[in-house]
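What follows is a short report on a single structure.
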Amino acid sequence: MKYEELQRVEAAAKRPNLWSYVSIIGSKLLLDKAREVTVEERKRKLLEYIVRQADIHNDKIDRTLKVIEDALNGCGYELRRVKLKTISRGLIGGSETFGEIPFEVGLYFDPILNIPYIPGSTIKGAVRSATFDLLHREKLSAGRSDKEAGKEADDECIRIFGGRIGEDHSTGLVGFTDAYPIEKGEKGYLLYPDVMSPHYTDGTATELDVSPTPIIYLTIAPGTKFQFYLFFRRERGSGEKKRKLTIRDSQDSDLAETPVQDLTKLGILDLGLLYAFCRGVGAKTSVGYSRFEILSYETVR
Numbered sequence: 013m014k015y016e017e018l019q020r021v022e023a024a025a026k027r028p029n030l031w032s033y034v035s036i037i038g039s040k041l042l043l044d045k046a047r048e049v050t051v052e053e054r055k056r057k058l059l060e061y062i063v064r065q066a067d068i069h070n071d072k073i074d075r076t077l078k079v080i081e082d083a084l085n086g087c088g089y090e091l092r093r094v095k096l097k098t099i100s101r102g103l104i105g106g107s108e109t110f111g112e113i114p115f116e117v118g119l120y121f122d123p124i125l126n127i128p129y130i131p132g133s134t135i136k137g138a139v140r141s142a143t144f145d146l147l148h149r150e151k152l153s154a155g156r157s158d159k160e161a162g163k164e165a166d167d168e169c170i171r172i173f174g175g176r177i178g179e180d181h182s183t184g185l186v187g188f189t190d191a192y193p194i195e196k197g198e199k200g201y202l203l204y205p206d207v208m209s210p211h212y213t214d215g216t217a218t219e220l221d222v223s224p225t226p227i228i229y230l231t232i233a234p235g236t237k238f239q240f241y242l243f244f245r246r247e248r249g250s251g252e253k254k255r256k257l258t259i260r261d262s263q264d265s266d267l268a269e270t271p272v273q274d275l276t277k278l279g280i281l282d283l284g285l286l287y288a289f290c291r292g293v294g295a296k297t298s299v300g301y302s303r304f305e306i307l308s309y310e311t312v313r
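Going by the working numbering, the first residue of the sequence shown is number 13, and it counts up by one from there.
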């Protein structure tokens with residue numbers, strides 16, 4: 013084996029594929045737990061090892077984002093580039109398989125890029141929900157009943173985001189790519205350990221039977237920066253079935269022609285995106301997890 017090949021092997025050994033590593037070690041821990049062997053200390057060491065090893069390889073991320081951008085441009089979409097950072101610990105995909113076996117709480121994790129990420133479908137769902145809430149509130153303030161406001165807001169969301177599978181407008185006018193980390197967070201970490209202590213089980217009859225059981229798990233470190241793309245077409249369909257996005261620098265539009273830091277010149281979709289990440293995208297947002305700050309929101313020329 014040549015010296016250069018040895019260097020690559022050594023580098024790969026120092027950067028294990030965390031998905032495979034966690035799956036293998038996690039399965040061993042699960043078997044030991046079934047045999048009533050104590051595994052808590054080894055779980056802690058595994059979590060600490062993952063936190064130390066998790067890293068961002070910017071050349072791979074840059075290439076991936078460039079391929080995505082070029083592909084969307086090639087398909088005729090217009091693009092907005094969004095950069096954001098976590099302002100609290102992120103828990104995206106708590107029921108996913110990565111980390112679930114050893115830690116009981118999962119995380120969305122890309123096995124090829126070896127990093128956590130936020131799926132585009134999660135972003136779209138959060139932005140759609142936030143946009144619906146803003147539209148519903150707007151309709152109520154205009155004097156609509158709650159039922160009327162809900163119906164009108166839902167129709168607007170279907171026009172923009174799609175829905176009603178099988179109908180001509182099931183495909184949305186906008187979409188969102190996966191968000192990938194581009195810079196590590198606080199203290200140079202990409203992942204942070206966390207712990208929760210459930211007090212109640214199915215067998216808990218009274219407060220005297222409460223037995224807190226700490227569960228350690230992985231989260232995305234606060235301060236981690238991500239990037240993704242919002243992509244859209246200005247119109248779809250033809251004739252009576254044509255759907256269009258209203259794009260102008262005004263609050264009564266869908267999208268601003270040019271994103272700016274003036275809320276009066278942003279459309280409902282722009283505001284929905286900002287609102288979604290402000291209130292949280294992911295799990296346990298009601299207790300402060302998965303909150304984000306938008307760093308930049310710009311048109312890709």
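Cβ coordinates follow ideal geometry from the N, Cα and C atoms, glycine included.
Treat the numbers as computed from the prediction; the structure is a model and nothing was measured.
- Cβ contact annotation for ALA295 (same chain, cutoff 6 Å, sequence separation greater than five): LEU103, GLY106, in chain order.
- Beta-bridge annotation (DSSP): TYR241 is paired with ARG93.
- If you draw a straight line from the Cα of LEU146 to the Cα of TYR287, it comes to about 9 Å.
- Exclusion of the five residues before and after ILE135 leaves PHE188 as the residues of its chain whose Cβ lies within less than 6 Å of its Cβ.
- For the pair SER153 and THR143, the Cα-to-Cα distance works out to about 15 Å.
- Below 8 Å, too few C-beta pairs join the region 156-170 and the region 300-307 to call them touching: fewer than three.
- Following the DSSP letters along the chain, one finds LEU230 inside the beta strand (DSSP E) bounded by residues 227-232.
- Excluding the 5 residues flanking it on each side, GLU195 has same chain C-beta neighbours closer than 6 Å at LYS237, in chain order.
- For GLU195, the pairing in a beta bridge is given by DSSP as LYS237.
- The residues PRO205, ILE228, in chain order, have a CB closer than 6 Å to that of LEU59 in the same chain once the five nearest residues on each side in sequence are set aside.
- Distance from the Cα of LYS55 is smallest, within the candidate group ILE37, GLN263, LYS72, for ILE37.
- For TYR33, the secondary structure class from DSSP, reduced to helix, strand or coil, is helix.
- Nearest Cα to LEU307 within the set ILE62, LYS97, VAL63: LYS97.
- Under a 10 Å Cβ-count criterion, LYS151 is classified as buried, with 16 or more other Cβ atoms of the shown protein chains found around its own Cβ.
- Looking only at ARG149, GLU48, LYS199, LYS95, the smallest Cα-Cα distance to ILE130 is reached by LYS95.
- Residue environment for ALA233: buried (at least 16 other C-beta atoms within 10 angstroms of its C-beta).
- Beta-bridge pairing by DSSP links ARG255 to ARG248.
- In the displayed model, GLU310 falls within a strand according to three-state DSSP.
- When the beta-carbon positions are compared, LYS277 and ASP261 come within less than 7 Å of each other.
- Here LEU202 really is in contact with ILE68; their C-beta atoms are around 6 Å apart, less than 8 Å.
- GLU269 sits away from LYS256, with the two beta carbons spaced by 7 Å or more.
- In this structure, LEU91 lies away from TYR309, with their beta-carbon atoms at least 7 Å apart.
- No residue range can be given for PRO271, since it is assigned to no alpha helix (DSSP H) and is classified by DSSP as neither H nor E.
- Annotated as proximal: LEU30 and ILE62, with beta-carbon spacing under 7 Å.
- In the three-state reduction of the DSSP assignment, PHE110 falls in the coil class, being assigned neither a helical nor a strand state.
- One alpha carbon belongs to GLU112, the other to ARG149, and they sit about 38 Å apart.
- The Cβ-Cβ distance between LEU281 and ASP266 falls below 7 Å.
- Our two residues, ASN70 and ASP122, have alpha carbons roughly 15 Å apart in a direct line.
- By the neighbour-count criterion, in which a residue is buried when 16 or more other Cβ atoms sit within 10 angstroms of its Cβ, GLU168 is buried.
- Burial check for VAL49: the Cβ neighbour count within 10 Å stays below 16, so the residue is exposed.
- About 6 Å separates the Cβ atoms of LEU125 and LYS72, confirming a contact at the 8 Å cut-off.
- Looking from the CA of GLY118, the closest CA among VAL312, CYS290, SER35, GLY249 belongs to SER35.
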